[in-house]
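Okay, so here's the structure we're looking at.
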Amino acid sequence: MHQILLAVLACGLLAFLCRPDRRRLPPGPARKVLLGNIYNVPRQPEEWKGFAALGKLYGPVSYLRVLGRDVVILNSAKAVNDLLEQRSAIYSNRPRFVMANEVAGFDWLIPFMPYGNFLRQHRRALHQHLNEAAAKTWWNTQQDLNVRFLKKLIDAPGDWWDLTHWLAGANIMRMTFGIEIAKKDDPWIDLGIKVAEVASKAGSFGAFAVDIFPLLKYIPAWFPGAKFKRDAIEWRQVHVQAKNLPFQRVVKDMAAGNAMSCIARSMLEEDTKDSSLSEEVMKNALGAIYLGGADTSLAAMRGFVFAMVLNPSAQKTAQDEIDRTLSDGTLPSHPDRPHLPYVEALYRETMRMYPIAPLTPHCVTEEDEYEGMTIPKGSTVIANTWGILHDEETYPEPETFKPERFLKQGALDPDVLDPRNPAFGYGRRVCPGRHIADAELWLFIVTMLSCYNISPAEDGNGEPIIPPSTMCSGLVSSVSKFPCNIQLRNESKRKLILAEADRLKL
Ligand code: HEM
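Numbering (mature numbering (1 follows the signal peptide of the UniProt record, and there is no 0)) for the sequence shown: -20 to -1, 1 to 486.
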């Protein structure tokens, strides 16, 4: 009797799993019975190239079924604009992050939060302190830290990789918590960047089997092969520290009357006036800046240095523009930005070539129709930002580094898609830190170009070492460590940096 019942149940389950799908889903590779498209999911590293290849085969909106999950891939700026921007009311959720949220406990971190009132409270809190006007109030701080960076580089150009780590972390710690960072191996920076890297790994699409088979989350940490559980326990300890420790430090500094002006202090002061922000929202919002702001800017800075190693003529053209436009004896600063179109184009081309968030996952909360296709409710919708930024229709010869593509008769061409739009994300989940990051990165790029020459390192035979261009996978992607030569352009640049450091009393 039991055997018959089991057989009937098994047949029923099989029939359910193999039932024909009558919805007009977006095109995609043929699905295998039971397994769906598991074998069509692009493999790491650089899985965004595989997603772009799917777009070439099946069009700008394509579909995969991965172990019961609907996955829709958007490979064009138009599709992303039509869906994630124009219909953002239903396209702003996040997919289920089993490893990140349910195993490693990152559910307090804004990028992993589902869309809804709780997220909106956090985004409002961030917007108040990171909007375009608020971002300008941090220009002077960025300038000071950048001069300090240029000065440190005079003495240790070979240390540039670690010094960029310092610069990105010092900016975030100063702005968010009023904490001054002196050394490159400061524990605050190490903690922030370590946790950000781990969060990026935990949230990476398809990197953990538990994201595909959620039941695995119940296996105990001691079980053979459950390394992901043991890692998660370790990660949880550090990310809870990252959320609490700097916040507690500001509370303590305020009580002692010596807290520097910073976002945390402003939030706490506003809170005593009108207690609209709970301590939890404040900690989460500040933690998101701490963890979301440093490794992203860092990856973009390193992407720029990488681009300069490979593209000496673009570097020279930008330097010529700076020398021609700015008077000798001054370091470029934010107000110079509109007068340096080639530098702006070079910055945009760097963001296009090496987007630090190549794949951006959203999730749709209702079934939708788009150009005759059904987008099922609950689909993971992956914007292939890398694919959009390497689309030859928008950017001819996309693999060539060509800042000129953004210029027309010497000025920025408004008809060419500004890569910052895709690069900073979409709709109601667009990066809240984009104005801060944009100003910080531009300043880094223009001052590096103004003061230093960046060229390939040489091997023992004097041959240039051309670094491999593979970007590592993760929610935040970066070039891997590579050697290069960074040299002051001339003696007057040294004097200029030192004079500026003196003027700023650094
Ligand atoms: C080069 C620098 C940066 C880039 C390219 C970048 C890019 C992105 C992208 C693509 C997203 C996802 C958007 C989406 O889902 O559509 C995002 C989210 C986010 N970014 Fe940035 N970001 C950068 C720097 C920063 C900085 C400096 C901060 C903080 C000051 C920051 C804070 C955040 C936060 C909190 C989120 C989560 C937003 C949400 O899920 O609603 N980012 N960023």
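No residue lacks a Cβ here, since even glycine has one placed at the ideal position from N, Cα and C.
Quick caveat: nothing in here was measured; it's all calculated off a predicted structure.
Test item: CB-CB of residue i and residue j under 7 Å
i: Leu5; j: Tyr43; result: yes
i: Gly30; j: Pro22; result: yes
i: Met331; j: Pro399; result: yes
i: Leu421; j: Ala280; result: yes
i: Asp50; j: Leu484; result: no
i: Ile159; j: Ala268; result: no
i: Asn291; j: Phe381; result: yes
i: Leu143; j: Ala363; result: no
i: Pro394; j: Leu110; result: no
i: Trp88; j: Asn264; result: yes
i: Arg216; j: Gly85; result: yes
i: Gly407; j: Ser72; result: yes
i: Pro321; j: Ala419; result: no
i: Met153; j: Trp140; result: no
i: residue 514; j: Phe92; result: In this structure the chain extends from -20 to 486, so residue 514 is not present and cannot be described.
i: Leu147; j: Ala222; result: no
i: Val46; j: Phe157; result: no
i: Ala325; j: Phe386; result: yes
i: Ile173; j: Ala274; result: yes
i: Pro463; j: Ile434; result: no
i: Leu257; j: Ala105; result: yes
i: Leu336; j: Ser241; result: Before going further, note that residue 336 is Ile rather than Leu in the sequence given. No.
i: Ser453; j: Gln24; result: yes
Residue from the options whose Cα sits closest to the Cα of residue i
i: Pro7; options: Gly30, Val52, Arg23 and Ile362; result: Val52
i: Pro436; options: Lys223, Ala287, Val261 and Leu478; result: Ala287
i: Tyr95; options: Ile70, Ile173, Ile152 and Phe203; result: Ile70
i: Val218; options: Val175, Cys242, Val344 and Ile192; result: Val175
i: Ser246; options: Ala236, Pro448 and Leu266; result: Leu266
i: Lys207; options: Ala244, Glu372, Phe188 and Leu34; result: Phe188
i: Ala59; options: Asp166, Ala479 and Glu349; result: Glu349
i: Lys473; options: Pro444, Ser453, Cys431 and Met451; result: Cys431
i: Tyr334; options: Thr450, Lys296, Leu387 and Pro312; result: Thr450
i: Pro376; options: Gly407, Pro444, Met262 and Glu329; result: Glu329
i: Leu339; options: Asp418, Phe185 and Val285; result: Phe185
i: Arg359; options: Ile173, Pro75, Asp275 and Leu306; result: In the sequence as presented, Arg is not what sits at residue 359; that position holds Ser. The option with the nearest alpha carbon to Ser359 is Pro75.
i: Ile243; options: Ala235, Lys232 and Met262; result: Met262
i: Asp308; options: Leu476, Leu171, Trp146 and Gly272; result: Leu476
i: Ala479; options: Leu311, Ile446, Ala32 and Cys343; result: Leu311
i: Leu34; options: Ser56, Ala325 and Glu443; result: Ser56
i: Arg469; options: Ser458, Ile445 and Asp303; result: Asp303
i: residue 542; options: Ile134, Lys12, Lys36 and Glu26; result: This structure does not reach residue 542, given that the chain is present from -20 up to 486, and the question cannot be answered.
i: Glu346; options: Asn61, Ala10 and Arg67; result: Arg67
Expected contact under 8 Å - CB spacing of residue i and residue j to nearest Å
i: Leu369; j: Pro402; result: 6 Å
i: Trp119; j: His415; result: With a Cβ gap of about 11 Å, Trp119 and His415 do not count as contacting.
i: Val78; j: Val190; result: 5 Å
i: Val323; j: Val426; result: 5 Å
i: Thr276; j: Ala417; result: 7 Å
Boundaries (first-last residue) of the beta strand (DSSP E) holding residue i
i: Asn364; result: Thr360 to Asn364
i: Asp50; result: Arg49 to Leu54
i: Asn126; result: Unbroken run through Asn126 is the alpha helix (DSSP H), Trp119 to Asp135; no beta strand (DSSP E).
i: Leu339; result: Leu339 to Cys343
i: Val46; result: Val41 to Val46
DSSP state of residue i mapped onto helix, strand, coil
i: Gln299; result: helix
i: Lys29; result: helix
i: His415; result: helix
i: Met281; result: helix
i: Ile434; result: strand
i: Glu65; result: helix
i: Asp166; result: coil
i: Leu387; result: strand
i: Asp395; result: coil
i: Asp87; result: helix
i: Tyr350; result: strand
i: Ile355; result: strand
i: Ala182; result: helix
i: Leu(-15); result: Low per-residue confidence applies at Leu(-15): pLDDT is 44, beneath 50, and the placement is therefore not dependable, though the value from the model is reported in the following sentence. In this structure, Leu(-15) counts as helix in the three-state DSSP scheme.
i: Asn73; result: strand
i: Pro315; result: helix
i: Met247; result: helix
Enclosing alpha helix (DSSP H) for residue i [first to last residue]
i: residue 493; result: Summary: the structure shown does not reach residue 493, with the chain confined to residues -20 through 486, and so no result is reported for it.
i: His107; result: Asn97 to Leu110
i: Tyr322; result: Pro321 to Met333
i: Asn465; result: First-last for Asn465: Cys464 to Leu468, but that is the beta strand (DSSP E), not the alpha helix (DSSP H).
i: Leu147; result: Trp140 to Phe157
i: Glu214; result: Lys207 to Ala235
i: Ile192; result: Ala189 to Ile192
i: Asn17; result: Note, Asn17: premise wrong, no alpha helix (DSSP H); not H, not E.
i: Ala80; result: Where Ala80 is concerned, there is no enclosing alpha helix (DSSP H), given that its DSSP letter is neither H nor E.
Closer than 7 Å to chain D by CB, residue i
i: Asn17; result: Of the protein chains in this structure there is only one, and it is not chain D.
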